[in-house]
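**Student:** In our numbering, the protein residues as written are 7 to 529. Note that CB positions come from ideal geometry on N, CA and C, so glycine has one too. Quick caveat, the model's predicted, so the values are computed rather than measured.
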Amino acid sequence: MGSGWNGLDMGERVAGRRALWIVLPLGIAFVLALEQAVAVPVGVDGPVAISGEDPLSDECQAEAGDASGTEFGASVVALASRPQRLVAAWQQDWSKRAGSDVGEALAFTSVTDPTGVEKAGEQRGGGRGVVVALSSNGGRTWQQVAVRGLSECDGTLDPYTKEILDARLAVGPDDRVYLVSAGNQQRTLYVTSSLNGHVWEPVSAVAQGDFGWASRPLVAADPGQPGRAWVAWDHLAATSVDSGRTWSAKAVYEPEEFPGLEPLALAPLPSGPLLAFFISIAGHPVSTNPCLVASVCYPVRMGLPPPSVFVGARDIYVANSTDNGTTWGALLEVGSVPVNFPYDPEHRDEISYDMPSVAVSPLGGVYVAWSAIRPDDPHSPPTSIMVSRSTDGAEWSEPATVHEAGHGTFPWSVFGPTIAVAADGTVAVSYFDFRADVEGDEPLTTHVWLSTSTDEGATWSERSPPLAGPFDILRAPRWQSWVALGNDFGLTSMDDGFGAVFPMPSQPGGHGATDEFFVKAAR
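(1) Just the C-alpha distance for A226 and T389, rounded to the nearest angstrom, thanks.
(2) Should S254 be labelled buried (16 or more other beta-carbon atoms within 10 Å of its own) or exposed?
(3) State buried or exposed for T332, treating a residue as buried only when at least 16 other CB atoms are found within 10 Å of its CB.
(4) Grab the span of the beta strand (DSSP E) containing N326 for me, first residue to last.
(5) Which value, in whole angstroms, describes the spacing of the CA atoms of R469 and E263?
(6) In its own chain, which residues sit with a C-beta less than 6 Å from the C-beta of M361, not counting the 5 before and 5 after it?
(7) In the DSSP assignment, find the beta strand (DSSP E) that holds W239 and state where it starts and stops.
(8) Secondary structure at L337, three-state DSSP: helix, strand or coil?
(9) Taking the beta strand (DSSP E) that L456 falls in, what are its first and last residues?
(10) Report the residue ranges of all beta strand (DSSP E) runs contained in full by the stretch 236 to 280; include only those spanning at least 3 residues, in chain order.
(11) What is the residue span of the beta strand (DSSP E) that D478 lies within?
(12) Write down every uninterrupted run of the alpha helix (DSSP H) in the stretch 484 to 516 whose length is 4 residues or greater and which is fully enclosed by it, in chain order.
(13) Do the CB positions of D240 and P269 come within less than 9 Å of each other?
(14) Look up G132 in the DSSP assignment and give the residues it is bridged to.
(15) For the beta strand (DSSP E) that contains R182, what are its first and last residues?
(16) Measuring CA to CA, which of A80, I56, S141, T76 is closest to L92?
(17) So if DSSP puts I425 in a beta bridge, which residue, or which two residues, is it bridged to?
(18) Just mark E448 as buried or exposed, buried being the case when its beta carbon has 16 or more other beta carbons within 10 Å.
(19) How should F523 be labelled, buried or exposed, when 16 other C-beta atoms within 10 angstroms of its C-beta is the threshold for buried?
(20) How close, in whole Å, do the beta carbons of R529 and E462 come, if the pair is a contact with beta carbons under 8 Å?
(21) Below 7 Å CB to CB, which residues in the same chain sit around A257 once its five sequence neighbours on both sides are set aside?
(22) Beta carbon of D99, beta carbon of G133: below 9 Å?
(23) Within 10 angstroms of its Cβ, does T328 collect 16 or more other Cβ (buried), or is it exposed?
(24) What residues in its chain sit with their C-beta under 6 Å from that of V427, if we drop five residues either side in the sequence?
(25) If you follow the beta strand (DSSP E) that T198 is in, where does it begin and where does it stop?
(26) Evaluate R484 with the Cβ neighbour count: other Cβ atoms within 10 Å of its Cβ, from every protein chain shown; 16 or more gives buried, anything less gives exposed.
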């Protein structure tokens, strides 16, 4: 493990097989902006729809077909000097048909083939563009901005960028907002920035040539140095000291030594190193206990066929840089988290693909939140939201339970954790669950909840009422067998609470299959 690195006890660590993903070169593009007003007063009884009429071009909507008006994932930040000013972003016109025609290795471990299967020509799904929404009054009114030039649909000259993946934001101490996204065919990594989120500067090329798999790009801003920011993708990280106009890329680790990893988070500690977290793409079995073999245990416990994905663990690694990303220390394994595919036992489908969430405290330290599945223990809840804290990324606290599914609820019913930390150290985690669902009815009734901690994540209190719901999550679009809401959602600290942004199936009078919603919870 290396001197001083005691490990993050997120679950049982067992050596296993990892998958290698395809890598393709990067390119460049440029950005324009198109604005549309969306003004809806914030209500105290529920979330506010912040996505309006599709702001992309008519040609884009016609090409997208049933993808028009479908939003996917979310990211949100509050400006440093004015926490009531919010910037949110998401993938627009997301479609399961959108995707690369390049063969790719899908690193999902199945019950029938626990080694993983390489499937050529698999469609990944992607968005036709990125939309940004701005609020200057704490979420009471919003204005949409379509970030243009990111894909073939909205005018890029890059022939390889049919669609885009991801839309992540970060904000610096000078209120400069950074946006990173990637072309679906992995040939372009887009980074742009804006003061206050209104006028976005031309996209800068982080790197050119064969610089790795650009899926799941990350972005972070230095909390103490205006103009300095970082992006990460594949095994690489790049630094900018001029507000994102130019970038200098470095390898964080050698991919031959650690194949099959993807970036998880960039975490610049306020008075410490810059941390880069990575996670193994494929899960490996956490035990040889035959109860983990779905055909043995799941029909006994649920009376249903097993899910198609094998329950296992994904390893988490971290590297640190003490010189702002110029050089990196060794990549070290600090723990593992269960592979979590939330499962609808009534309709026999996986619901989503969970990822851990990472947040830095302004007072120092870093938190990781994840969903834990314990299907081999009939005496424990089937899922829990867990959190662990570290002051330096090396030594980690014992995991604390944020929320656990009760024995009377459907199995695997808590998922999608998103974590944020306020200026006073209050920690918040949002998550989805099915506790209110009624067995035998057609909808899968879902709520979004928020829990907070005021003692550095040691104990937690769930807020009531929930942030959102009830809604039928099965009304959202599907990608393969999954409900396509996203893998990452938005949660940020405001001066008097937390602001959350996430997609849900559209309400009556909404736009398309899904809409993005904002809700504010007092601290």
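**Tutor:** The short version:
(1) As a position in the sequence shown, residue 226 is number 220, starting the count at 1. As a position in the sequence shown, residue 389 is number 383, starting the count at 1. Straight-line spacing of the CA atoms in A226 and T389 works out to 30 Å.
(2) Numbered from 1 along the sequence shown, position 248 holds the residue referred to as residue 254. Label assigned to S254: exposed.
(3) Taking the sequence shown and counting its residues from 1, one reaches residue 332 at position 326. Burial call: exposed.
(4) For the purposes of this step, residue 326 is identified with residue 320 of the sequence shown, where counting begins at 1. Taken as a continuous stretch (DSSP letters only), the beta strand (DSSP E) holding N326 covers 319 to 327.
(5) Here residue 469 corresponds to residue number 463 of the sequence shown, with the count starting at 1. Here residue 263 corresponds to residue number 257 of the sequence shown, with the count starting at 1. When only Cα atoms are considered, R469 and E263 end up about 44 Å apart.
(6) In the sequence shown, residue 361 corresponds to position 355, counting from 1. For M361, where only same-chain residues beyond five positions count, the Cβ hits under 6 Å are N493.
(7) The residue labelled residue 239 in the question sits at position 233 within the sequence shown. Judged by DSSP secondary structure, W239 falls within the beta strand (DSSP E) whose first and last residues are 235 to 239.
(8) The sequence position of residue 337 within the sequence shown is 331, counting from 1. Note: L337 maps to coil in three-state DSSP.
(9) Locating residue 456 in the sequence shown gives position 450, counting from the first residue. Taken as a continuous stretch (DSSP letters only), the beta strand (DSSP E) holding L456 covers 451 to 459.
(10) As far as the stretch 236 to 280 is concerned, its whole beta strand (DSSP E) runs of at least 3 residues are 242 to 246, 254 to 257, 267 to 274.
(11) For the purposes of this step, residue 478 is taken as the residue at position 472 of the sequence shown. From DSSP, the beta strand (DSSP E) with D478 extends over 474 to 478.
(12) Taken in chain order, no unbroken stretch of alpha helix (DSSP H) lies wholly in the stretch 484 to 516 with a span of 4 residues or more.
(13) In the sequence shown, counting from the first residue as 1, residue 240 sits at position 234. In the sequence shown, counting from the first residue as 1, residue 269 sits at position 263. Yes, Cβ-Cβ distance for D240 and P269 is below 9 Å.
(14) Stepping through the sequence shown from its first residue, residue 132 is reached at position 126. Assignment of beta-bridge partners to G132 by DSSP yields S101.
(15) Within the sequence shown, residue 182 is the residue found at index 176, counting from 1. Counting along the chain, the unbroken beta strand (DSSP E) around R182 starts and ends at 182 to 189.
(16) For the purposes of this step, residue 92 is taken as the residue at position 86 of the sequence shown. Nearest of A80, I56, S141, T76 to L92, Cα basis: S141.
(17) Your numbering for residue 425 matches position 419 in the sequence shown. Answer is V435, bridged to I425.
(18) Position 442 of the sequence shown holds residue 448. E448 is exposed by the Cβ-count criterion.
(19) Position 517 of the sequence shown, counted from the first residue, corresponds to residue 523. It counts as buried.
(20) Translated into the one-based positions of the sequence shown, residue 529 becomes position 523. Translated into the one-based positions of the sequence shown, residue 462 becomes position 456. The beta carbons of R529 and E462 sit about 15 Å from each other, so the pair does not count as a contact at 8 Å.
(21) In the sequence shown, residue 257 corresponds to position 251, counting from 1. So the qualifying residues of the chain are H241, L242.
(22) Position 93 of the sequence shown, counted from the start, is the residue given in the question as residue 99. Position 127 of the sequence shown, counted from the start, is the residue given in the question as residue 133. Yes; because the gap between Cβ atoms is below 9 Å, this pair is in contact.
(23) Sequence index remark: in the sequence shown, residue 328 carries index 322 (1-based). Looking at its Cβ environment, which holds fewer than 16 other Cβ atoms inside 10 Å, T328 is exposed.
(24) For the purposes of this step, residue 427 is identified with residue 421 of the sequence shown, where counting begins at 1. Same-chain partners within the cutoff: A365, S367, V433.
(25) Residue mapping note: residue 198 aligns to position 192 of the sequence shown, counting from 1. Counting along the chain, the beta strand (DSSP E) containing T198 begins and ends at 195 to 201.
(26) Numbered from 1 along the sequence shown, position 478 holds the residue referred to as residue 484. By the 10 Å Cβ count, R484 comes out exposed.
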